[in-house]
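Chemist:
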Amino acid sequence: MTTEASVRAFFSSPQFAVVGASSNPAKFGHKVLAWYQAHKLPVTPINPASATITTAYGEHPTVKSVGALSEPTRTSLSIITPPPVTLEVLKEAKRVGIPAVWLQPGTFDDEVIQFAYGKDADGYAGDVVAGEGGVGGEGWCVLVDGEKGMRAAGKL
2 MTTEASVRAF
12 FSSPQFAVVG
22 ASSNPAKFGH
32 KVLAWYQAHK
42 LPVTPINPAS
52 ATITTAYGEH
62 PTVKSVGALS
72 EPTRTSLSII
82 TPPPVTLEVL
92 KEAKRVGIPA
102 VWLQPGTFDD
112 EVIQFAYGKD
122 ADGYAGDVVA
132 GEGGVGGEGW
142 CVLVDGEKGM
152 RAAGKL
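Okay, so the sequence shown: first residue is 2 according to our numbering, each after it adds one.
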């Protein structure tokens, strides 16, 4: 499933976006967005219900969907949503040409994983970071495994 090559490909993108970004510091959508900002990576928060997201790094305008990203083919996507939403996000990511996705722990079920790793017409077809592996016991998590991935991609 996920390999170091997938993580390296994810961090090779010049831009990033976080689906499920939140202003609530207790939520992982907030923590992941702030992680990108702390590492000075260009990141766009995606949240259909909020016009802006506030973190310790200021207030940031959101886009409402993956399709609203200015350069989707140059943007890797971190997803922090419940599995049914994640599946729809992956379908939109495929449609607009997102090259790589990172499915945080808790964002996927068997149906999501099957679509994510599908390389034919019925699957996502891009690079995927998800599932078992990484440093932490919960699976691949950008908060735990991100710096190693950035190093591998020459960004740290």
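Cβ atoms here follow ideal geometry from the backbone N, Cα and C, with glycine treated the same way.
Does the pairing of the region 11 to 29 with the region 50 to 64 give three or more beta-carbon distances under 8 Å?
Modeler: The answer is yes - the region 50 to 64 touches the region 11 to 29, with three or more Cβ pairs under 8 Å.
Chemist: Could you spell out where the beta strand (DSSP E) holding residue 60 opens and where it closes?
Modeler: Locating residue 60 in the sequence shown gives position 59, where the first residue counts as 1. 59 to 62 is the span of the beta strand (DSSP E), which, as asked, contains residue 60.
Chemist: Determine the direct distance from the alpha carbon of residue 92 to that of residue 110, and round the result to whole angstroms.
Modeler: Stepping through the sequence shown from its first residue, residue 110 is reached at position 109. Stepping through the sequence shown from its first residue, residue 92 is reached at position 91. Roughly 15 Å between the two C-alpha positions.
Chemist: In terms of alpha-carbon separation, which member of 112, 136, 100, 74 lies closest to residue 127?
Modeler: For the purposes of this step, residue 127 is taken as residue 126 along the sequence shown, with counting starting at 1. Nearest of 112, 136, 100, 74 to residue 127, Cα basis: 100.
Chemist: For residue 136, count neighbouring C-beta atoms within 10 Å of its own C-beta (all shown protein chains included) and say buried if the count is 16 or more, exposed if not.
Modeler: Within the sequence shown, numbered from 1, the residue matching residue 136 stands at position 135. It counts as exposed.
Chemist: In chain order, what residues of the same chain lie with their CB nearer than 7 Å to the CB of residue 9, ignoring the 5 residues before and after it?
Modeler: Residue numbering aside, residue 9 sits at position 8 when the sequence shown is read from its first letter. The residues are 150, 153, 154.
Chemist: So which of 86, 122, 114, 83 has the shortest CA-CA distance to residue 95?
Modeler: Working through the sequence shown from its first residue, we reach residue 95 at position 94. Considering only alpha carbons, the answer is 122.
Chemist: Kindly indicate which residue of 76, 144, 88, 97 has the alpha-carbon position closest to the one of residue 119.
Modeler: As a working mapping, residue 119 is identified with position 118 in the sequence shown. Ranking 76, 144, 88, 97 by Cα distance to residue 119 puts 88 first.
Chemist: With C-beta atoms as the reference, is residue 63 less than 8 Å away from residue 81?
Modeler: Here the question's residue 63 lines up with position 62 in the sequence shown. Here the question's residue 81 lines up with position 80 in the sequence shown. Taking 8 Å as the Cβ cut-off, residue 63 and residue 81 do not qualify as a contacting pair.
Chemist: Examine the ligand ADP and report whether any of its heavy atoms sits within less than 7 Å of the Cβ of residue 145.
Modeler: The ligand ADP is absent from the structure shown, which contains no ligands of any kind.
Chemist: Just the C-alpha distance for residue 60 and residue 117, rounded to the nearest angstrom, thanks.
Modeler: The residue given as residue 60 occupies position 59 in the sequence shown. The residue given as residue 117 occupies position 116 in the sequence shown. Whole-angstrom Cα-Cα distance: 32 Å.
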